[in-house]
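Residue numbers (this note's numbering): 144 to 289. Glycine residues also receive a C-beta, built at the ideal position from the N, C-alpha and C atoms. One structure below.
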C-alpha cells in the first residue's frame with residue numbers, strides 16, 4: 144500500500160466529520176502501509192509510545208469509521224478471540240491458520256471475474272466480496288509432523 148492510500152483514509156475520516164488528530168492520522172498511516180491484518184490492540188501497542196494520550200476507544204472509533212466507509216474490512220475472529228482488520232479492499236482471499244491464527248492474503252485475479260459473473264447472473268451491483276479459507280499453515284503443519 145502507499146502514501147496515497149493513507150491520504151484516502153484521512154480524506155474519508157474528514158468527510159465523516161471526524162477531527163483529524165495526529166493519533167487518527169497515525170492509525171491511517173500504519174494501516175495504509177501494512178500488509179498485516181491487525182487488531183485494535185495491536186495498533187494500540189504499535190502507536191502508544193509515540194502517542195501517550197492515544198486510547199483504545201480512538202482506535203476502535205477510527206477503525207469502525209474506516210470500515211463503514213469501505214476503506215478496511217472487518218475480518219472478525221481469526222480464532223484468537225479478537226477482531227482483525229484488513230486494509231486491502233481489493234479482491235483477494237484471506238487464509239487463516241486455525242493453529243497460530245496468522246492471516247495471510249492470497250492474491251487471486253480470478254476473484255474479480257467471479258464477482259463479475261455473480262453480478263451478471265444475479266443482477267446485483269457487486270460492491271465487494273470476501274473469501275476466507277481456514278486451515279493449517281505450512282509452518283504449523285510442519286511442527287505437527289515432528
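Where residue i falls, given that 16 or more other Cβ within 10 Å makes a residue buried
i	result
residue 174	buried
residue 261	exposed
residue 183	buried
Sheet register partners of residue i (DSSP bridge)
i	result
residue 241	Beta-bridge pairing links residue 241 to no other residue.
residue 153	In DSSP, residue 153 forms no bridge with anything.
residue 229	216
residue 248	237
Contact belief for residue i with residue j at Cβ below 8 Å, rounded distance in angstroms
i	j	result
residue 149	residue 171	5 Å
residue 250	residue 235	5 Å
residue 156	residue 241	So it is not a contact: roughly 34 Å between Cβ atoms.
Reduced DSSP category for residue i - H, G, I as helix; E, B as strand; rest coil
i	result
residue 279	coil
residue 274	strand
residue 198	coil
residue 255	helix
residue 267	coil
residue 284	helix
residue 221	coil
If you scan the stretch 147–194 from start to end, which runs of the alpha helix (DSSP H) of 4 or more residues do you find wholly inside it? 165–175 and 183–190
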